[in-house]
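Asks: Below is the structure I would like to discuss, written out as structure tokens.
Number of protein chains: 2
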Amino acid sequence: MAVARGAGSVTTGARRRSPGQRASRGTISRSQIVEAALRSLRANGFEQMTIRRLAADLDVAPMSLYRYIRDKDDLMDEVVEQLLIQSQPLPAATGTWQARLTTAAEGLRHLLVKEPGALYVYLRHPVISPTAIRRMDMMLKILREAGFDAASSKTAYAAIQTYTVGFAALATSRSGWTPPEGTNRTASELVAMTSPKQFASGLRYLLSGIEREAGPAA
Amino acid sequence: MAVARGAGSVTTGARRRSPGQRASRGTISRSQIVEAALRSLRANGFEQMTIRRLAADLDVAPMSLYRYIRDKDDLMDEVVEQLLIQSQPLPAATGTWQARLTTAAEGLRHLLVKEPGALYVYLRHPVISPTAIRRMDMMLKILREAGFDAASSKTAYAAIQTYTVGFAALATSRSGWTPPEGTNRTASELVAMTSPKQFASGLRYLLSGIEREAGPAA
DNA sequence: CCGGATTTGCGTACATGTATGTTAACCCGC
DNA sequence: GCGGGTTAACATACATGTACGCAAATCCGG
């Protein structure tokens, strides 16, 4: 459905080994597949990262990967954990709780916008890899230390996460989209509202409301 | 990728007319295709709504549809406009601006959660069908009437929309997902935070912050 | 070292959206 | 009514993820 057309000369993923020529045992492992996937992401982006191309990179038949991954989503889960590790130098524990949460949210927004594969995973199911959980715990801790009770902290965290992922999703859906020729100006304007500044404004509203509605003084 | 398995006996979309037997001209039209799509959505859900099945319903070859729709996304755009029309009895102009915006946001949340096809479209590109634009203008008007200036209104609207679509996306991604057996309790808890109540809390935070940070008194 | 058991790489097949080119049905002027 | 031109319906083909089951390679007890 609206499949991304390769940029012309991108190979379709034919294996180099001729069919019938079987690779020797132990040629591939799960971690090698994950590495190949990360390489492919960096080289050609998420859309071009297909099972067949990964198999070709590893010089193996496509179905061979399925001994090590349940399906492509399973592979992407692990890829995203790696991306999280690489991208989230857990924010320094300084500044107001608002500033610290803003840093954390901004970090995730940045990753999800830069890496459509990561956004894909976040939209498929909850991300519960170790680093994602640590990140959540960190944000909950910031809220607790700011004086919010356990329930309010969870509600606030969920709202921030929802806003962050939602923003990344809408930003991504807008990038590379142009309104059909005869379109209302208002529409095109709103489409532009996908900047980091806009993200920051909305997040400021949200944090301000959290303070007012759920804070220890409330 | 993690393709939905049909519930056993769901037909694969074979046409009734034998191949080589061509349908007479004027058998299908764009609006008939949209109607068939809406029927299919109601009957079997978005995942089961395939081009081949629509064609079978209309007793026509699959590629025949493409004379009337650019691609499946184009079809879904029109389907969503119909769903918006059917589902959005534009909220009564009563109550505080917060209450009115809450009603509007709640309406969209409800539609997107009930109808995965609509969420799909909202995540693909901006929705600028007439009803969607009217809805946006209505929300902007509510904000202007509450005393916000044009710029603040747009920023606030964008934040609310982001939060609403984000919530629907995460709620959908969680429904029908069960954590892998040995999962941390904290994770499973947060997964549950996808209720309408949770939506309302986050929205209350957001609206409160909008009032405080962007209001006429600010 | 040998033969069954186990592991693992793989061939085939199917459903999906849709690009591309073909052809049959219709329309219209004569 | 008939023949040329237009266009709607279509057949074919391809890339994708992956279910299913086979077969080769390796392992292990004797």
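Chains as they are written, first to last, in the numbering used here: chain A, 1 to 218; chain B, 1001 to 1218.
Virtual Cβ for every residue (Gly too), placed ideally from N, Cα, C.
Between which two residues does the alpha helix (DSSP H) containing glycine 202/A stretch?
Replies: First-last of the alpha helix (DSSP H) with glycine 202/A: 196 to 214.
Asks: With a threshold of 8 Å between beta-carbons, can glycine 6/A be considered close to chain B, or not?
Replies: With a pLDDT of 44 at glycine 6/A, under the threshold of 50, the predicted position of this residue should be treated as unreliable, and no value is reported.
Asks: Can you find at least 3 beta carbon pairs, one from the stretch 1132 to 1139 of chain B and one from the stretch 137 to 155 of chain A, that sit closer than 8 Å?
Replies: Counting Cβ pairs under 8 Å, fewer than three are found: no touch.
Asks: For serine 1009/B, I'd like the list of residues in its chain whose CB is within less than 8 Å of its CB, leaving aside the five on either flank, ordered along the chain.
Replies: Reliability of the predicted coordinates at serine 1009/B is poor, the pLDDT of 43 falling under 50, and the value obtained from them is presented with this limitation in mind. No residues qualify anywhere along the chain.
Asks: Count the other CB atoms within 10 Å of the CB of serine 1153/B; is the residue buried (16 or more) or exposed (fewer)?
Replies: Label assigned to serine 1153/B: buried.
Asks: Please state whether DSSP places aspartate 1077/B in a helix, a strand or coil.
Replies: Three-state DSSP puts aspartate 1077/B in a helix.
Asks: Using the beta-carbon of each residue, which ones in chain A are nearer than 9 Å to glutamate 1213/B?
Replies: Going along chain A in sequence order, the residues near glutamate 1213/B (Cβ under 9 Å) are Ser201, Arg204, Tyr205, Ser208, Gly209.
Asks: Can you look up methionine 49/A in the DSSP assignment and give me helix, strand or coil?
Replies: Methionine 49/A falls in the coil class under three-state DSSP.
Asks: Which same chain residues end up closer than 6 Å to leucine 58/A when comparing Cβ atoms and leaving out the 5 residues on each side of it in sequence?
Replies: Excluding residues within five positions, the ones whose Cβ falls inside 6 Å are Ile28, Ala36.
Asks: Taking any Cβ of chain A, which residues in the stretch 1158 to 1175 of chain B have a Cβ under 7 Å from it, in chain order?
Replies: From the stretch 1158 to 1175 of chain B, only Ala1158, Ala1159, Thr1162, Tyr1163, Val1165, Gly1166, Phe1167, Ala1169, Leu1170, Ser1173, Arg1174 have a Cβ closer than 7 Å to chain A.
Asks: For valine 3/A, is the classification buried or exposed, using 16 other Cβ atoms within 10 angstroms of its Cβ as the cut-off for buried?
Replies: Exposed: under 16 other Cβ atoms inside 10 Å.
Asks: For chain A, find out if any of its Cβ atoms is closer than 8 Å to the Cβ of threonine 1131/B; answer yes or no.
Replies: No, threonine 1131/B does not count as interfacial toward chain A.
Asks: Suppose you measure from the CA of threonine 94/A to the CA of arginine 1067/B; what does that come to, to the nearest Å?
Replies: Taking the straight line joining both Cα atoms gives about 60 Å.
Asks: Any C-beta of chain B within less than 7 Å: which residues of the stretch 112 to 128 of chain A qualify?
Replies: Of all residues in the stretch 112 to 128 of chain A, Leu123, Arg124, His125, Pro126, Ile128 have a Cβ within less than 7 Å of some Cβ in chain B.
Asks: Taking just the CA atoms, how far does tyrosine 1205/B sit from glycine 215/A?
Replies: For glycine 215/A and tyrosine 1205/B, the distance between alpha carbons rounds to 11 Å.
Asks: Please state the DSSP three-state secondary structure of serine 1153/B.
Replies: Three-state DSSP puts serine 1153/B in a helix.
Asks: Please tell me whether tryptophan 1219/B and glutamate 1047/B are closer than 8 Å, where the distance is taken between their beta carbons.
Replies: One cannot answer for residue 1219/B here, as it falls past the ends of chain B, which runs 1001 to 1218.
Asks: To the nearest angstrom, how far is it from the Cα of alanine 192/A to the Cα of arginine 53/A?
Replies: Taking the straight line joining both Cα atoms gives about 35 Å.
Asks: So the alpha helix (DSSP H) methionine 1139/B belongs to, where does it begin and stop?
Replies: 1130 to 1145 is the extent of the alpha helix (DSSP H) around methionine 1139/B.
Asks: Between the stretch 1173 to 1190 of chain B and the stretch 184 to 199 of chain A, do at least 3 Cβ pairs fall closer than 8 Å?
Replies: The stretch 1173 to 1190 of chain B is not in contact with the stretch 184 to 199 of chain A.
Asks: Consult DSSP for arginine 1100/B and reduce its assignment to one of helix, strand or coil.
Replies: It is helical.
Asks: Can you look up arginine 1030/B in the DSSP assignment and give me helix, strand or coil?
Replies: Reduced to three states, the DSSP call for arginine 1030/B is helix.
Asks: Does the beta carbon of threonine 1102/B come closer than 8 Å to any beta carbon on chain A?
Replies: Answer no: the Cβ-Cβ gap between threonine 1102/B and chain A never drops below 8 Å.
Asks: Listed in chain order, which residues of the stretch 181 to 202 of chain A have Cβ atoms closer than 8 Å to some Cβ of chain B?
Replies: Going along the stretch 181 to 202 of chain A in chain order, one finds Thr183, Asn184, Thr186, Ala187, Glu189, Leu190, Val191, Met193, Gln198, Ser201, Gly202 with a Cβ nearer than 8 Å to chain B.
Asks: Going by CA-CA distance only, name the one from Leu1038/B, Arg1025/B, Ala1043/B that's closest to glutamate 1081/B.
Replies: Selected option, being the one with the closest Cα: Leu1038/B.
Asks: State yes or no: is the beta carbon of proline 1216/B nearer than 8 Å to at least one beta carbon in chain A?
Replies: Taking Cβ atoms only, chain A never reaches closer than 8 Å to proline 1216/B, which makes this a no.
Asks: Measure the alpha-carbon distance for alanine 61/A versus arginine 42/A and round it to whole angstroms.
Replies: Answer to the nearest angstrom: the Cα atoms are 22 Å apart.
Asks: For valine 121/A, report the span of its alpha helix (DSSP H) as first-last.
Replies: It spans 116 to 124 - the alpha helix (DSSP H) in which valine 121/A sits, taken as one unbroken run.
Asks: With 16 other CB atoms within 10 Å as the buried threshold, where does methionine 1136/B fall?
Replies: When all chains shown are included, methionine 1136/B counts as buried.
Asks: Whole angstroms is fine: what's the gap from glycine 219/A's alpha carbon to glutamine 1021/B's?
Replies: Outside the shown range of chain A, which is 1 to 218, sits residue 219/A, and nothing can be said about it.
Asks: Out of Glu213/A, Gly26/A, Pro196/A, which has the shortest C-alpha to C-alpha gap to alanine 1200/B?
Replies: For the residues Glu213/A, Gly26/A, Pro196/A, the minimum Cα distance to alanine 1200/B belongs to Glu213/A.
Asks: Can you say whether glutamate 1181/B is buried or exposed, counting buried as having 16 or more other CB atoms within 10 angstroms of its CB?
Replies: So glutamate 1181/B counts as exposed.
Asks: Would you say methionine 63/A reaches chain B, if we count a Cβ-Cβ gap shorter than 8 Å as a contact?
Replies: Answer no: the Cβ-Cβ gap between methionine 63/A and chain B never drops below 8 Å.
Asks: Output yes if chain A places a C-beta closer than 8 Å to the C-beta of lysine 1141/B; else output no.
Replies: For lysine 1141/B, the answer is no, since every Cβ of chain A falls outside 8 Å of its Cβ.
Asks: On the CB-based measure, 16 or more other CB atoms within 10 Å of its CB, does aspartate 1149/B come out buried or exposed?
Replies: Exposed is the call here.
Asks: Does the beta-carbon distance from serine 64/A to alanine 56/A come in below 8 Å?
Replies: No. Outside cutoff.
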